[in-house]
């Protein structure tokens with residue numbers, strides 16, 4: 024009996040030793056992880072009993088967000104790490120099975136993953152992750168040089184050079200250059216750049232993963248989502264849902280033709296959560312809605328601000344190059360070669376004669392906003408919902424390297440009556456919560 028007891032005890036100790044040895048081989052390891060959008064991060068693994076934690080460089084949040092981040096960490100509002108994944112693990116045959124919650128400074132998602140043979144695989148709600156073990160938190164790119172390149176691009180192409188003379192710009196430039204020497208991975212860098220970018224007096228600015236890095240790193244097919252849909256509420260009312268203007272005129276034209284073939288009195292255009300896109304996509308809709316020639320405002324370019332210190336008078340808008348058959352290439356060409364572009368909408372031969380209602384919320388942005396403002400100013404539509412996003416400039420992408428594009432505003436925008444939309448937005452006729460906007464319109468119609 025004593026021998027059996029001794030054997031069982033030895034087996035228990037041996038098993039615990041093996042498990043501890045396996046745990047020890049993973050605990051404290053550092054992993055270079057690739058997101059499916061091409062972004063790369065560094066995470067350290069910590070194991071404690073059955074709990075695990077994968078976290079970014081210690082002090083990364085404080086470095087980027089400043090002293091307020093340290094206070095936020097103390098009171099539990101800000102994570103000390105820019106990224107942390109916490110949960111439970113199961114060790115089976117030298118493979119770690121992980122399940123928990125991924126939390127960054129910008130998102131929170133469920134996480135599942137495994138670690139085996141020095142390989143890392145994980146899935147989140149938005150994307151997948153793969154990685155390999157590495158030795159240290161050595162920077163994955165020369166983020167200081169990348170920052171210098173980005174600053175040079177801003178100073179060459181930003182629409183108004185006067186902004187670059189401001190104390191705010193110089194402070195942001197110094198801070199980003201200094202902190203970029205501390206960051207070690209892509210998420211830290213993107214967070215740094217975009218955090219300080221949001222403090223600038225304009226939108227359409229940020230560091231984005233380049234298209235090439237996204238497309239080459241993921242073979243997962245993306246579900247195609249329709250940008251437009253038409254729904255007949257009743258015989259007198261039609262809802263035209265426009266999810267995005269990131270399409271060509273050819274994509275929206277069939278929907279406009281369908282609307283022209285229908286007989287109804289009330290048209291509801293839903294622009295809630297439409298982040299904008301191309302002016303060329305919005306033009307066919309605008310031409311269908313207006314009854315007479317409509318001036319949609321002006322884009323003022325760097326060429327204008329290089330020569331003028333004052334904004335143009337409204338009566339001077341006609342002196343700028345007119346564009347009414349807009350395409351992205353035409354707009355970019357006009358911005359590079361002219362002081363200003365005057366957006367003009369001429370009505371189709373067949374236009375809508377009934378009542379127009381436009382639904383908006385805080386995510387109704389960019390290309391949507393001149394359309395909303397123009398219809399409101401011309402008293403052609405009733406706007407219902409929330410104040411729009413206030414993100415209306417012309418932005419262009421500039422390639423920084425194989426992983427990053429800098430998104431930068433190259434033209435300012437002013438409405439037909441000289442108002443500025445960027446950082447302000449368009450106020451609806453009837454303000455109501457986004458979720459209640461459609462219900463409110465139907466109450467008005469009925």
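In the working numbering, the protein residues as written are 24 to 469.
Glycine included, every Cβ here is placed at the ideal spot set by N, Cα and C.
As the structure is a computational prediction, the values presented were derived from the model and not from experiment.
For residue 120, the uninterrupted beta strand (DSSP E) run begins and ends at 118-127, by DSSP.
The beta carbon of residue 203 sits closer than 6 Å to those of 166, 167 and 170, all from its chain and outside the five residues before and after it, given in chain order. If you look at residue 181, you'll find it isn't in any beta strand (DSSP E); DSSP assigns it neither H nor E.
Proximity of the segment 62-73 to the segment 108-115 meets the contact definition, three or more beta-carbon pairs being nearer than 8 Å. Residue 65 places its beta carbon less than 7 Å from that of residue 208. Excluding its 5 nearest sequence neighbours in each direction, residue 400 has C-beta neighbours in its own chain below 8 Å: 438, 439 and 440, listed in chain order.
Put simply, the segment 385-402 touches the segment 286-304. At least three CB pairs are less than 8 Å apart.
If you draw a straight line from the Cα of residue 224 to the Cα of residue 413, it comes to about 12 Å. With respect to the C-alpha of residue 282, the residue from 374, 198 and 359 having the closest C-alpha is 374. Around the beta carbon of residue 362, 16 or more other beta carbons lie within 10 angstroms, which makes this residue buried. If you check the CB distance, residue 463 and residue 410 do not come in under 7 Å.
Boundaries for residue 274: no beta strand (DSSP E) harbours it, while the alpha helix (DSSP H) harbouring it runs 272-284, taken from the DSSP string. In the structure shown, residue 58 falls within a strand segment according to DSSP collapsed to helix, strand and coil. According to the DSSP secondary-structure assignment, residue 69 is paired through a beta bridge with 76. Between residue 105 and residue 210 a beta carbon distance of about 6 Å is seen, short of the 8 Å cut, so the two are scored as contacting.
Taking the Cα of residue 132 as reference, the smallest distance to any Cα among 143, 233, 231 and 108 is reached at 108.
376 is the residue among 342, 339 and 376 whose C-alpha sits nearest the C-alpha of residue 315.
C-alpha of residue 265 to C-alpha of residue 173: approximately 34 Å in a straight line. Rounded to whole angstroms, the gap between the alpha carbons of residue 101 and residue 128 is 8 Å. Take residue 155, set aside five residues on each side of it, and the residues of its chain with a beta-carbon closer than 8 Å to its own are 54, 55, 141, 142 and 143, in chain order. By the Cβ neighbour-count rule, residue 305 is buried, with 16 or more other Cβ atoms within 10 Å of its own. Counting only residues of its own chain and dropping the five nearest sequence neighbours on each side, residue 69 has a CB closer than 6 Å to the CB of 76. Taking the CA atoms as reference points, residue 344 sits about 15 Å from residue 352.
In terms of Cβ geometry, residue 259 and residue 378 do not form a close pair [threshold 7 Å]. The residue among 292, 148 and 179 with its C-alpha nearest the C-alpha of residue 398 is 292. A check of alpha carbon separations from residue 49 across 84, 157 and 153 identifies 157 as the nearest. Rounded to the nearest angstrom, the gap between the Cα atoms of residue 276 and residue 310 is 11 Å.
Here residue 90 is exposed. Its C-beta has fewer than 16 other C-beta atoms within 10 Å. Residue 442 holds the alpha-carbon nearest to the alpha-carbon of residue 336 among 442, 87 and 189.
Partner residues in the beta bridge of residue 429, as assigned by DSSP, are 230 and 421. Contact annotation: residue 87 and residue 214 have beta-carbon atoms nearer than 7 Å. Judged by DSSP in its simplified three-state form, residue 175 adopts helix. Within the DSSP secondary-structure output, residue 146 pairs in a beta bridge with 135 and 151. Between residue 62 and residue 339, the alpha-carbon positions lie close to 46 Å from each other. Rounded to the nearest angstrom, the gap between the Cα atoms of residue 468 and residue 448 is 26 Å.
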